[in-house]
DNA sequence: GCTATTAACTTACGACCGTTCGTTAGCCAA
DNA sequence: TTGGCTAACGAACGGTCGTAAGTTAATAGC
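What follows is the structure, given as structure tokens:
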């Protein structure tokens, strides 16, 4: 319609494309991204869309990058001021759960869904997904190690095992929210995380054993 | 090539189609199923493939049904003889983990991946996925209720909360196996499940508060 | 042996996919 | 004012998608 040509407008357009792509990919997955649909949504031509990235895979990687950045700003960045260890980690998981609920309608955190989408398809996209999740996993493990060092957790804590289980809680919450729309999911997840981080017994097993 | 016409051959062909579709869908997802590719893999025409189902969605539902049936035979059916409650449930989760490892290369249990694939796409397929997962969830909850009734678990156990956390462990295992190919995943999952079902404290928190 | 049934076939359709091409039009520096 | 740069365009490419129509041929019931 009305062509703009300055380089400044170009990055604005690129940002606009990625923003919309983020929404679409959150709902339909990274593979559900379609240049034609994206162009239609944005009121521009397919060539105008793909021109900013060159190839669809490059677009997917850009979207993934934007998602990681969004997550970083939404979750870890908000708890940098908290006390390192279980305190900070608990706050971080809480922020993550809030983040999930905010995006309930539009697919929530698609990092985790991209993980299951590309787990069997080798390539740059899968590598990027692995890198992003690994980064988060290392963040969690590092905080747990701090807690184990300063006495909040026992010094012989198996931090990898604990990180594994915390990740499971988040995945269960994601599924319950996205698939079942279960409003009790965040509360369940919070309870499980609190218990894991504080080292109390599992639900309803307070004295069994 | 060589057309067969008996009704007996027809169900054999249908079974063959679903079998291959199960493999493809396990690797690439239910949405990755393609009639053309399926036909090429089986050495038949697209019309010959879709003729058995009428529509692609019907094919997806048939594949989903076959997957549920396979899961039933592989997991719950193998532990019907075990003692009801945590004993049987622990065995069932163990079988499930074995099942995951068997299918490591070809995508494992795609029930869970179909869940994240269709969580944002209303329709018959999503409904079928929800029904299948709900059925499993009810199975778990019922076993936990038995355990709470016979004293293996405390009578005031929050069985839904416990089922939620058990589900999370399985999801974490699935991700670790499929995405990271982490060989320690089954052991981690087994440890977490055992702890949840026996009511001992979280990892490395044996005496912390 | 004849006929009705039907599994599987070939062919074709329209739609959409990702990508490439050449063109147009506004910005910026010279 | 002019010329290079480039964002965005329209159009077309070959390919694949799901589906429909019509054909062939082997079976099953009479």
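Protein chains in written order, with the numbering used here: chain A, 1 to 209; chain B, 1001 to 1209.
Ideal placement from N, C-alpha and C gives every residue a C-beta, glycine not left out.
The model shown is predicted, which means the values in this text are computed figures rather than measured ones.
Spatial neighbours of residue i in its chain, beta-carbon cut-off 7 Å, leaving aside the 5 residues before and after
i, result
"residue 139 of chain A", "76"
"residue 3 of chain A", "Residue confidence is low: residue 3 of chain A scores 45 on pLDDT, short of 50, so the model does not pin down where it sits. No coordinate-derived value is stated."
"residue 62 of chain A", "18 and 53"
"residue 1145 of chain B", "1159"
"residue 67 of chain A", "22, 110 and 111"
"residue 1088 of chain B", "1079, 1082 and 1143"
"residue 100 of chain A", "108, 109, 173, 174 and 177"
"residue 1150 of chain B", "1085"
"residue 1179 of chain B", "none"
"residue 57 of chain A", "124 and 125"
"residue 35 of chain A", "46, 49, 50 and 56"
"residue 1014 of chain B", "1052"
Buried versus exposed call for residue i [16 or more other C-beta atoms within 10 Å across all chains shown]
i, result
"residue 120 of chain A", "buried"
"residue 73 of chain A", "exposed"
"residue 135 of chain A", "exposed"
"residue 45 of chain A", "exposed"
"residue 1016 of chain B", "exposed"
"residue 55 of chain A", "exposed"
"residue 11 of chain A", "exposed"
"residue 168 of chain A", "buried"
"residue 143 of chain A", "buried"
"residue 181 of chain A", "exposed"
"residue 92 of chain A", "buried"
"residue 1090 of chain B", "buried"
"residue 192 of chain A", "buried"
"residue 1001 of chain B", "With a pLDDT of 39 at residue 1001 of chain B, under the threshold of 50, the modelled position of this residue cannot be trusted; read the value that follows with caution. Exposed is the call here."
"residue 9 of chain A", "exposed"
Under 7 Å between C-beta atoms of residue i and residue j
i, j, result
"residue 1148 of chain B", "residue 1157 of chain B", "yes"
"residue 1185 of chain B", "residue 1176 of chain B", "yes"
"residue 1102 of chain B", "residue 1029 of chain B", "no"
"residue 196 of chain A", "residue 165 of chain A", "yes"
"residue 95 of chain A", "residue 78 of chain A", "yes"
"residue 1097 of chain B", "residue 1189 of chain B", "yes"
"residue 194 of chain A", "residue 152 of chain A", "no"
Beta-carbon contacts of residue i that lie in its chain and below 8 Å, excluding the five residues immediately before and after
i, result
"residue 1042 of chain B", "1016, 1017, 1020 and 1049"
"residue 1171 of chain B", "1112"
"residue 155 of chain A", "148 and 149"
"residue 39 of chain A", "45, 46, 48 and 49"
"residue 198 of chain A", "86"
"residue 1037 of chain B", "1024"
"residue 137 of chain A", "163 and 167"
"residue 945 of chain B", "The structure shown does not extend to residue 945 of chain B, since chain B spans only 1001 to 1209, so no value can be given for it."
Nonlocal neighbours in the same chain, by C-beta distance under 6 Å from residue i, ignoring five residues either side
i, result
"residue 25 of chain A", "33, 63 and 110"
"residue 1114 of chain B", "1030 and 1129"
"residue 211 of chain A", "Residue 211 of chain A lies beyond the residue range present for chain A, which begins at 1 and ends at 209; the question has no answer from this structure."
"residue 1141 of chain B", "1159 and 1163"
Check: residue i C-beta below 6 Å from any heavy atom of the ligand NAP
i, result
"residue 16 of chain A", "Questions concerning the ligand NAP fall outside what the structure shown contains, since it holds no ligand whatsoever."
message: What are the residues in the stretch 10 to 43 of chain A lying within 9 Å of chain B by C-beta distance?
response: Going along the stretch 10 to 43 of chain A in chain order, one finds 26, 27, 28, 29, 31 and 32 with a Cβ nearer than 9 Å to chain B.
- request: Could you list the residues in the stretch 154 to 174 of chain A with a C-beta less than 7 Å from some C-beta on chain B, going in chain order?
  value: 154, 156, 157, 158, 161, 162, 164, 165, 167, 168, 169, 171 and 172
query: Closer than 7 Å, Cβ to any Cβ of chain A: which residues of the stretch 1125 to 1147 of chain B, in chain order?
result: 1130
Contacting positions in the stretch 1070 to 1098 of chain B - beta carbon closer than 8 Å to chain A: Those residues of the stretch 1070 to 1098 of chain B that come within reach of chain A (Cβ to Cβ, closer than 8 Å) do not exist; the list is empty.
message: At a CB distance below 8 Å, what residues from the stretch 1052 to 1070 of chain B approach chain A? Give them in sequence order.
response: Within the stretch 1052 to 1070 of chain B, no residue qualifies.
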